[in-house]
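Visitor: Could you have a look at this structure, given as structure tokens, before my questions?
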Amino acid sequence: MATAHISQKISQSFDFARRALPAGIYSPRRERTEYRGDRQHPGNFAGSSEVAPATRAINVAGYVVARIAKRRSCGFSVQRGMEAMGITCEEVWRDISDYIDDELAPKQRVALDEHFAECRHCTAVLEGTCNVIRLYRDERTLAPPEGFRDRLEGRINQQLNQESEEKTRPSRRAVLAWALSVAAAVPLGFALFSRKPFTLPGFHHQGPVDSPVTGLVAVSEDNGDKFFHIPSCHYLHGKPKFLPVEEAIREGYSPCAVCIGKRKIEKKG
Amino acid sequence: MRAAEQVLISRILAGEKDLFLELIRPYQRTVYATVISMLGSKEDAEDVTQDALLKALARLHQFRRESAFGTWLIQIAINEARMRRRKLRHGIMFSLTSEPDGDGAYIPKDFAKL
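Residue numbers (the numbering used here), protein chains in the order written: chain A, -1 to 267; chain B, 843 to 956.
Listed below in structure tokens is the structure:
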């Protein structure tokens, strides 16, 4: 009440000084903008020394009104808010986002409502935040370029089509695995079902076969054991000597178990 | 809204992938706005938005439904935008022969902004 009275008195003196000034000297805009909060020099109206007392009156009035307005708007109400509601401006700023999203507990929301009713500064912050959100939600703000949706949907459709094609078409890995198994199965199948025994390249193992042994055979003596072989036998060591089969048998050579085995030995005569 | 989204997500995960466009339609502009506010370039923003939404499609099964779908989607977009920004930053080259600014004091360009 006392504050209102003082403010009224100062406003009256402010109006008086304003009426007393010649037209063109006083500018409310300048009065507001030129004040810089300096207590030693409450006003600075350069070039108007002939109306110095009046200008001082204007500026003192402006200064005090500004101080009172400042107290009313933020600092004063914060103190009152802390006492009356138990919530500070900092707490309000922390919860302002949840307040806008309506995600606060009812009690806390009421506390913020009361604070906003008292505190102009926080109300300004709230309105500013709401404006930012409104601008952000506005379709015209940061709007995608023309054709954006079509291009986006086209690319997603393309991706979806690729995925469905991959599902129906065997993957590259599956094709590779299939090819490898076929490659491994073919020689294995030949090896298993062929009538001819499988031999590795370069290794001509002469296994026992049914065809009779005829003609020349290679004879060798290994640690006193006398054997005769088919000339291509790998168990034939050293420089072989070739004899007809009958002669080799006559001279006491035995057939090699590996290359001749159970093959019949055809004797002439 | 969220319940409808959950149903859509379940159906997409069950194989109805065409519904993905319907799921992301409300978020397209928001994702784009987020990305362009990070990158500044319209072309990059469009590209990154597409990449982010495709990534969301590929990884929808990883969405744990602990947050809103929009939050998850925007987080993917933010990560994509960060990656793109990093890549763009690596692409910047500085001339070794150009004259230094001012009195010859070298100020790295990244710090000069601060």
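The beta carbon of each residue, even a glycine, is placed where N, CA and C say it ideally should be.
All values reported here derive from a predicted model rather than from experimental measurement.
Is Ile225(A) helix, strand or coil when you go by DSSP?
Guide: Note that residue 225(A) is Phe in the sequence shown, not Ile. In this structure, Phe225(A) counts as strand in the three-state DSSP scheme.
Visitor: Closer than 8 Å between beta carbons: that is the criterion. Which residues of the stretch 137 to 153 of chain A meet it against chain B?
Guide: Of all residues in the stretch 137 to 153 of chain A, Glu137, Thr139, Leu140, Ala141, Pro142, Pro143, Phe146, Arg147, Arg149, Leu150, Glu151 and Arg153 have a Cβ within less than 8 Å of some Cβ in chain B.
Visitor: Find out if the Cβ-Cβ distance for the pair Leu158(A), Asp860(B) is shorter than 8 Å.
Guide: Pairing Leu158(A) with Asp860(B) gives a Cβ-Cβ distance under 8 Å.
Visitor: Only counting the same chain, and skipping five residues up and downstream in sequence, which positions put a Cβ closer than 8 Å to that of Leu186(A)?
Guide: Within the same chain, no Cβ atom closer than 8 Å to the Cβ of Leu186(A) is found once the five residues on either side in sequence are excluded.
Visitor: Note down the Cα distance separating Gln917(B) from Arg927(B), rounded to an integer number of angstroms.
Guide: 15 Å
Visitor: So the alpha helix (DSSP H) Leu850(B) belongs to, where does it begin and stop?
Guide: Arg844 to Leu855
Visitor: Using a Cβ-Cβ cutoff of 7 Å, what residues of the stretch 861 to 877 of chain B are near chain A? List them in chain order.
Guide: Phe862, Leu863, Gln870, Arg871, Tyr874 and Ala875
Visitor: When the Cβ atoms of the stretch 862 to 869 of chain B are set against those of the stretch 115 to 135 of chain A, are three or more pairs found closer than 8 Å?
Guide: The stretch 862 to 869 of chain B vs the stretch 115 to 135 of chain A: no contact.
Visitor: At a CB-CB cut-off below 7 Å, which residues of chain B make contact with Leu158(A)?
Guide: Lys859 and Asp860
Visitor: Is it a yes or a no for the stretch 148 to 168 of chain A touching the stretch 881 to 896 of chain B, going by three-plus beta-carbon pairs under 8 Å?
Guide: yes
Visitor: Count the CB pairs spanning the stretch 845 to 854 of chain B and the stretch 101 to 113 of chain A that are closer than 8 Å, and state whether there are at least three.
Guide: no
Visitor: Would you verify that the beta carbon of Glu101(A) is, or is not, closer than 8 Å to some beta carbon of chain B?
Guide: It does not; no Cβ of chain B falls within 8 Å.
Visitor: Would you give the residue range spanned by the beta strand (DSSP E) that Glu219(A) belongs to?
Guide: Leu214 to Asp220
Visitor: Would you say the stretch 869 to 889 of chain B touches the stretch 140 to 147 of chain A, given that touching needs at least three Cβ pairs under 8 Å?
Guide: yes
Visitor: What do you get for Phe225(A), buried or exposed, if any count of 16 or more other CB atoms within 10 angstroms of its CB means buried?
Guide: buried
Visitor: Would you give the residue range spanned by the alpha helix (DSSP H) that Lys165(A) belongs to?
Guide: Phe146 to Thr166
Visitor: Buried or exposed, going by whether 16 or more other CB atoms sit within 10 Å of the CB of Glu48(A)?
Guide: Caution applies to Glu48(A), whose pLDDT of 39 falls short of 50 and renders its modelled position unreliable; the model cannot decide the point.
Visitor: Does the stretch 904 to 921 of chain B come close enough to the stretch 162 to 178 of chain A that 3 or more CB-CB pairs lie under 8 Å?
Guide: no
Visitor: Determine whether the Cβ of Glu888(B) lies closer than 8 Å to any Cβ atom of chain A.
Guide: yes
Visitor: Can you tell me whether Leu234(A) is helix, strand or coil according to DSSP?
Guide: coil
Visitor: Which residues, in order along the stretch 154 to 185 of chain A, keep a beta-carbon less than 9 Å from a beta-carbon of chain B?
Guide: Ile154, Asn155, Gln157, Leu158, Glu161 and Ser162
Visitor: Any beta carbon from chain B within less than 8 Å of Tyr134(A)'s own beta carbon?
Guide: yes
Visitor: Drop a sphere of 10 angstroms on the beta-carbon of Ala919(B), count the other beta-carbons inside from all chains shown, and report buried for 16 or more, exposed for fewer.
Guide: buried
Visitor: Around the C-beta of Trp176(A), are 16 or more other C-beta atoms found within 10 angstroms, so that it is buried, or is it exposed?
Guide: By the neighbour-count rule (16 or more Cβ atoms within 10 Å), Trp176(A) is not buried but exposed.
Visitor: Whose Cβ in chain A lies nearer than 8 Å to the Cβ of Ser879(B)?
Guide: Leu140
Visitor: Could you tell me whether any Cβ in chain A is nearer than 8 Å to the Cβ of Leu902(B)?
Guide: no
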